[in-house]
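Structure record follows, encoded as structure tokens.
Numbering (my numbering), first residue to last: -18 to 319.
Here is the structure:
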């Protein structure tokens, strides 16, 4: 079965947002972010010199890839998508391209993606990797929709690197983005998909280059619409989007904040969604959806042929929060109220 057919049948998957931001849990120097947890560096303008020191404290001694995979399987999920690199630029895999990664920069010194890939293979769960191909706050030339003409940093790192006129995303793309994408494509076995995000700076030529890179190494690997510029295999709907009906086609001029240009027709759709209001761990976010709500959303989406990719945000020790586990297990049991 090719991945297109598998994706149509998968229906339900687990997304994992995990990284250095999980240490902060939504709070820095007595300030709570009112944004999503993984955006805390940008929202509170944390200097890279300070934020990067978190790597020295990243030692998730309770992380157990097999436990995560078995939990997802118990919940009826068919695939896992994890943040191999989010917007902060820190990689959860061993990278020869950039030492800012879990093996070289932390006391943990274990390749999280390798361990998860092995556990997924062992237990028959598909693995997909999220990779932030545009925004990278660790890089002076990272994207994020900056505007040189208006000297507007957009969502790039304008607090550490304030010279907006000097930013050149092409340098970041060539030096880090493309070679790291090649690393994740060649070092971790078969991937069911690559989950790109926020295509606010990337050009159509660059999106095509990434697509060609993916298909060169893994022809069967699906690419989501957030690669930008319409060169995708399937559509990632907006965050927590629940359409009234199946989205059969899109106006080519429709440019969405997250998903970029939607050009080509497809019958592969997915809604990425949260259990509370955040993706990365945020200790004070208790606005949890009930098992009944989750089950209702899942049933509604699946009835329209849309996969439900439901996120968990592990804490700094590598634990999926118990309340997240309780909710998802109750969903698997049929939505019995906690």
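Heads up, the beta-carbon is just placed ideally off N, CA and C, and yes, glycines get one too. These figures come from a predicted structure and were not determined experimentally.
Test: residue i CB closer than 8 Å to a CB of chain B
i, result
"residue 31", "In the structure shown, chain B cannot be found, because there is only a single protein chain."
Among the options, the one whose alpha carbon lies nearest that of residue i
i, options, result
"residue 157", "174, 197, 296, 70", "70"
"residue 147", "127, 165, 259, 162", "127"
"residue 64", "109, 21, 47", "109"
"residue 212", "190, 55, 166, 161", "190"
"residue 199", "222, 119, 168", "168"
"residue 309", "300, 273, 286", "273"
"residue -11", "248, 20, 228", "248"
"residue 30", "186, 204, 140", "140"
"residue 79", "53, 164, 217", "164"
"residue 275", "256, 196, 124", "256"
"residue 121", "2, 28, 222", "28"
"residue 118", "188, 23, 53, 220", "23"
"residue 313", "51, 138, -2, 58", "58"
Sequence-distant residues of the same chain with beta carbon closer than 8 Å to residue i, five excluded per side
i, result
"residue 289", "-8, -7, -6, 251, 252, 254, 278, 279, 282, 283"
"residue 4", "35, 38, 39, 297"
Same chain, Cβ closer than 7 Å to residue i, five either side skipped, listed in chain order
i, result
"residue 12", "25"
Neighbourhood of residue i by C-beta, 6 Å cutoff - its chain only, sequence neighbours within 5 removed
i, result
"residue 259", "17, 18, 266"
"residue 173", "-16, 60, 107, 109"
"residue 113", "66, 67, 68, 178"
Assigned secondary structure, residue i (DSSP; H/G/I helix, E/B strand, else coil)
i, result
"residue 140", "coil"
"residue 217", "strand"
"residue 234", "Because residue 234 sits at a pLDDT of 41, beneath the cut-off of 50, its placement in the model cannot be relied upon, and the point is left open."
"residue 93", "helix"
"residue 29", "helix"
"residue 169", "coil"
"residue 243", "Summary for residue 243: the model assigns pLDDT 43, below 50, so the residue's position carries little reliability, and this model does not support an answer."
"residue 301", "coil"
"residue 41", "coil"
"residue 9", "strand"
Proximity below 8 Å, CB of residue i to CB of residue j
i, j, result
"residue 160", "residue 145", "no"
"residue 166", "residue 195", "yes"
"residue 7", "residue 270", "no"
"residue 227", "residue 286", "yes"
(Q) For the pair the stretch 94 to 103 and the stretch 40 to 48, tell me if three or more CB-CB distances fall below 8 Å. (A) yes
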